[in-house]
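Colleague: Just so you know, we're using our numbering here: the sequence shown kicks off at 1139 and counts up by one.
Ideal placement from N, C-alpha and C gives every residue a C-beta, glycine not left out.
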Amino acid sequence: MCENERFFVTCGRGLETFALRELSSIPTMFNIQKVEGKVHFDCQFNESLVVRLLQLKSVERVFLCVFRSSSLSSNRFNQVVHDCVHHLREPSLQQSVQRLLKCKQRIDASVTLFATFRVSCKSAGRAGKLYTSKRLAKRIGTALKQNTGWTTDLKNPDVEVYVHLNDEFLVIGFPLANKPLSSRSYLKVIALRTTVCWAMASLANIKMGDKVLDPMCGAGTILIETGRCCCWCGY
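(1) Which class does F1252 belong to by DSSP, given the choice of helix, strand or coil?
(2) Ignore the nearest five residues each way along the sequence and tell me which others in G1175's own chain have a CB closer than 8 Å to its CB.
(3) For the segment 1189-1251, list the beta strand (DSSP E) runs that are entirely contained and at least 3 residues long, ordered along the chain.
(4) With distances taken from CA atoms, which of K1267, S1321, V1257, Q1284 is nearest K1293?
(5) For K1317, count neighbouring Cβ atoms within 10 angstroms of its own Cβ and tell me buried if that reaches 16, exposed if not.
(6) For R1237, verify whether its CB is less than 6 Å away from any heavy atom of the ligand FAD.
(7) Let's test the definition: count the other Cβ atoms within 10 Å of the Cβ of Y1324 and tell me whether it reaches 16, buried, or not, exposed.
(8) L1191 to D1246, Cα distance in whole Å?
(9) To which residues of the same chain is G1356 closer than 6 Å at the C-beta, ignoring the five residues directly before and after it?
(10) With a threshold of 8 Å, are at least 3 pairs of Cβ atoms found where one atom belongs to the segment 1302-1315 and the other to the segment 1211-1222?
(11) Can you tell which of R1199, V1334, H1225, V1200 has the C-alpha that lies nearest to the C-alpha of R1206?
(12) Helix, strand or coil for L1303? Go by DSSP, reduced to three states.
(13) On the CB-based measure, 16 or more other CB atoms within 10 Å of its CB, does G1287 come out buried or exposed?
(14) Is Q1345 helix, strand or coil by DSSP?
(15) What is the C-beta distance between E1228 and F1183, in whole angstroms, given that I count them as a contact (C-beta under 8 Å)?
(16) Give the straight-line distance between the Cα atoms of A1342 and S1320, rounded to the nearest whole angstrom.
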């Protein structure tokens, strides 16, 4: 039986609507919530879902959400961080991580067990003054070490733990892929971000027989991305 899990995707500002549209087209999604730079959602966690999420075109990265707290106030920052650290020591965290690992191993046999990690932390606003990125990363890293037995590797970790704290929320996630989805395998040189190129192509409402022209063509990212998502057009 598939377990329901919480996920979120990150995307460039202005692309949240495109990410929301892509995610809404997947039947198993529910509780989809759009915030600035992110879209949160719940869904059944299985191999086919992981494959589908890694095919999203408008997002930068996809994360398994292991903790989220919103509607923060200045007098709750300490309590929220305390709750977060407590949650990271719970057995349920190990279960979620193991499900993620098994799915990734079915997709890519070269994926090994998680043994090392790095915390990438971003703190902003009043919360960032109270908990700097370094201070918050240390607390979260210590809790993960105690729960998982992982060791820290700042250069080449098996998994990178994403942490974002500001005056509105604290969110922690494990990535489904080590590289951003915007790093397309079919592009050697990327000038304009591929997510922006894809959004432009989707807005153009390209129909069968249309020709796409880029008079200021440089690296050709717009044309290549359009050709991949609208293979019926000429360019």
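Modeller: Judging by the given coordinates:
(1) coil
(2) T1148, C1149, G1150, R1151, E1154
(3) 1199-1208
(4) V1257
(5) exposed
(6) Of the ligands one can find in the structure shown there are none, so the ligand FAD has no counterpart to examine.
(7) exposed
(8) 15 Å
(9) A1329
(10) yes
(11) H1225
(12) strand
(13) exposed
(14) The sequence as given places Lys at residue 1345; Gln does not occur at that position. Coil, per DSSP.
(15) About 17 Å; that fails the 8 Å criterion.
(16) 20 Å
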